[in-house]
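Colleague: Sharing a structure below in structure tokens format, with a few things to ask.
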Amino acid sequence: MPGPSRQRGGTLTVLALIAMVLGPAPTAIASTATGRVLVALDRPAGSAEGPRATAAAVRALTARAGARATGIAVPHLDTVVVRPPAGVGPAAFAARLRALPGVAHAEAEQRHTPRFVPDDPALVTPEPRASPDTPLQWWVARTGLFAAWDVTRGEGARVAVIDTGVDAAHPDFAGRIIDAVDLDDRGGGDARTDETGHGTHVASMACAAGDDGIGITGAGLGCRMLVYKSDLSDSSIARAIVAAADAGAHAITMSFGTDGRQPAARVLVEALRYAVDQGAVPVAAAADEPVQEQGDPSNVLQPTGTGPDITQGLGLSVTAANFLDERASFAGFGSQISLAAYGAYNVSGGPRGLFGAFPGQTTELERGGLFDAGCSCRATLNGDDRYAYLQGTSMATPIVAAVAALVRDLNPDLSVAEVVRLLKETARRPAGTGWTAELGWGIVDAGAAVTAARRLDRAAPTSRLRRPGRPRDGRLTLRWTSADRAPARLTASGVARVELWRSANGRPARRVASSRTGSARVRVARGSRYAFYTVAVDRAGNREAPPPRPDTRVRVPAREPRR
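If you're matching positions, the sequence shown starts at 62 in my numbering and goes up one per residue.
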């Protein structure tokens, strides 16, 4: 939220790896059968014979089949819709139709269902200062969140919010706060309270309870929060970062910063590195001024000059985009920017910011405790005035943090560096473009990020040798089974090959075969002892670890038994 304060960084101061085949994404509601059959006639699409000829063919076809045509579904494709006779199921009738002359293809028709859409009022309530078809939470669809929520609802995702506390009594946070810790050395009070208003709004962008029929939804839908109320001193922030990492946070949102005139405190840098080592993705707000120095912690996560290099960055430095998909006029830019998220409407006559949760009491933001003049930001939804419009990189940052948490929860085998790169690679930007100083790698796209994360296979396959038979003519046939089972909601890349390893007479094991089939024949010598095991390798390059003991042992007699 821009203002005259000199504090910056919010209102307070790996597709090359994704080469596997994507499986079908789960949907919230299973598709259903219509009870009809789609029939394609055996004529070229767009035949010159025209719709009349198609209609005549339909009548002849249905008369022979004892069915009733309900219409021409796609005239240009010579496809008709047929209702089966009474007592005949669509699948069985489709099979019968396929045997008729003049039928190219027949299949039971399915009725598609809408993708999952939470029932929070702000997703459908029109924004009064915008066009009638623009909802209060317009940024949700444009961030690709509906597509992301089709894959994961975020129930296991954890986002740490380091800020001014959270109004835990707000209905949008019911059941969403795992823990709340007061790290405000000025005596800021219970972390479940928020005198400022900033922390409550930020938290709601990330983890406001979704699909509960109340208020708004956060980007993380079902995610839960670790709340750290901070006085925003280096030591307080560092303690919060470490505590969040130890508590299992998937991502840490930090909507604050310095002016960057002094180097980042060593304790802050070390805390951020510690969080990354523990698997938490740190996300920080860029400046709320149109400057190239974003201040820390943002400039620690994406140091000067590293933004254009997609492989660089400890975490993510987030600037704000507006309704027009441009950088918001007040937001930071330059080589310290990783990517962007929506942080403002920023169009003349439009709303004053993003619609989010707000404390029930009068806040410092309203009284002017942070800026020269108080904000006129409070708003009402369905008679409840515990909402407000705020704009800033502060609002964009928790959206990115929540998306990072969705990805980390969905695919916990990904490293922080992989998640950071994946969010950059999948960010939405004009075709053919890369990083820009205005929006970094683009506007975060939750749907694309989650889809990509599903296809990143980091789990090793498994294999097991079966007990072999007796050797014959100096050869032994070994057979094995193998599998590449992905965790729930992820897509396995599949077993590429299985290596057969052999140790002879106690010597070190060496690879003697590599096969895509389930067997291999190897030479063996009379009077020798062998130990065998297998190592499966999948198409993503993951290798099964060698077993602590061989899968099977074989002793070859000095003489072959008589046949």
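A virtual CB, placed ideally from N, CA and C, is assigned to each residue, including glycine.
Is glycine 508 close to chain B, meaning its C-beta is less than 7 angstroms from at least one C-beta of that chain?
Modeller: This model lacks chain B altogether, as it is built from one protein chain only.
Colleague: Which same chain residues end up closer than 7 angstroms to glycine 279 when comparing Cβ atoms and leaving out the 5 residues on each side of it in sequence?
Modeller: Cβ within range, chain order: Ser265, Met266, Ala267, Cys268, Ala269, Gly271, Ala463.
Colleague: Assuming glycine 226 contacts valine 178 (C-beta within less than 8 angstroms), just tell me the rounded distance between them.
Modeller: That pair is no contact at about 31 angstroms.
Colleague: Suppose the cutoff is 7 angstroms on Cβ atoms and the five residues either side in sequence are ignored; what does the same chain contact list for glycine 588 look like?
Modeller: Val617, Ala619
Colleague: Taking buried to mean at least 16 other C-beta atoms within 10 Å of its own C-beta, is glutamate 216 buried or exposed?
Modeller: exposed
Colleague: State the Cα-Cα distance for the pair alanine 209 and arginine 489, rounded to the nearest angstrom.
Modeller: 14 angstroms
Colleague: Taking only three categories from DSSP, how would you classify tryptophan 625?
Modeller: As displayed, the chain neither begins before 62 nor continues past 624, which places residue 625 out of reach and without an answer.
Colleague: Starting from aspartate 470 and walking both ways along the alpha helix (DSSP H), at which residues does that stretch end?
Modeller: 454-471
Colleague: I'd like the list of long-range same chain contacts for proline 182, defined as Cβ closer than 7 angstroms, with 5 residues on each side in sequence excluded.
Modeller: The beta carbon of proline 182 sits closer than 7 angstroms to the beta carbons of Gly276, Leu442, Asn443 from its chain, once the five residues preceding and following it are set aside; these are given in chain order.
Colleague: Between which two residues does the alpha helix (DSSP H) containing glutamate 331 stretch?
Modeller: 327-338
Colleague: Exposed or buried, which one is serine 396 when buried takes at least 16 other CB atoms within 10 Å?
Modeller: buried
Colleague: Going by the DSSP bridge assignment, what does leucine 377 pair with across the sheet?
Modeller: Val344
Colleague: Residues in its own chain within less than 6 angstroms of alanine 392 by CB, not counting five upstream and five downstream?
Modeller: Thr380, Ala381, Thr454
Colleague: With three or more C-beta pairs closer than 8 angstroms as the rule, is the segment 490-497 touching the segment 337-354?
Modeller: no
Colleague: Enumerate, from N- to C-terminal direction, the unbroken beta strand (DSSP E) stretches of 3 or more residues contained entirely within the segment 175-240.
Modeller: Whole beta strand (DSSP E) segments, 3+ residues: 219-224.
Colleague: May I ask you to list the residues that DSSP assigns as paired with lysine 290?
Modeller: Asp224, Asp243
Colleague: For threonine 372, count the other beta carbons within 10 Å of its own beta carbon; 16 or more makes it buried, fewer makes it exposed. Which is it?
Modeller: exposed
Colleague: From the DSSP output, in three-state form, read off alanine 306 for me.
Modeller: Note: alanine 306 maps to helix in three-state DSSP.
Colleague: Quick check on the burial criterion: 16 or more other C-beta atoms within 10 angstroms. Buried or exposed for alanine 630?
Modeller: Any question about residue 630 goes unanswered here, given that the chain covers just 62 to 624.
Colleague: Given this structure, state the Cα-to-Cα distance separating isoleucine 223 from serine 297, to the nearest angstrom.
Modeller: 10 angstroms
Colleague: Hey, out of Phe154, Ala156, Ser576, Ala592, whose CA is closest to proline 608's CA?
Modeller: Ala592
Colleague: Are at least three pairs of beta-carbons, each pair with one atom in the segment 503-519 and one in the segment 318-336, less than 8 angstroms apart?
Modeller: no
Colleague: Go ahead and pull the three-state DSSP assignment for valine 480.
Modeller: Helix at valine 480.
Colleague: Closer than 6 angstroms by C-beta to proline 459: which residues in its own chain qualify, once you throw out the five before and the five after it? Chain order, please.
Modeller: Val263, Met266, Ala267, Thr314
Colleague: Let me make sure I understand the geometry here. Which of Thr95, Arg237, Thr140 has the alpha-carbon closest to that of cysteine 284?
Modeller: Arg237
Colleague: According to DSSP, simplified to helix, strand and coil, what is proline 608?
Modeller: coil
Colleague: May I have the straight-line CA-CA distance separating glycine 309 from valine 337, to the nearest angstrom?
Modeller: 11 angstroms
Colleague: If you reduce the DSSP assignment to three classes, tell me which class serine 409 lands in.
Modeller: coil
Colleague: How is the beta strand (DSSP E) around arginine 359 delimited, first residue to last?
Modeller: Looking at the sequence shown, residue 359 is not arginine but serine. Per DSSP, serine 359 lies in no beta strand (DSSP E) segment; the continuous alpha helix (DSSP H) that holds it begins and ends at 359-362.
Colleague: Out of curiosity, what's the CA-to-CA distance linking threonine 254 and glutamate 387?
Modeller: Each residue's alpha carbon lies about 34 angstroms from the other.
Colleague: List the DSSP bridge partners of serine 543.
Modeller: Ser524
Colleague: Under three-state DSSP, which class holds leucine 551?
Modeller: coil
Colleague: With respect to the beta strand (DSSP E) encompassing phenylalanine 154, which residues constitute its N-terminal and C-terminal limits?
Modeller: Here phenylalanine 154 belongs to no beta strand (DSSP E); instead the alpha helix (DSSP H) covers 151-159.
Colleague: Going by Cα to Cα distance, which pick from Arg568, Glu560, Ala570 is closest to threonine 578?
Modeller: Glu560
Colleague: Name the two residues that bound the continuous beta strand (DSSP E) containing arginine 577.
Modeller: Run containing arginine 577: none; DSSP gives neither H nor E here.
Colleague: So is serine 575 buried or exposed if we call it buried at 16+ other beta carbons inside 10 Å?
Modeller: exposed
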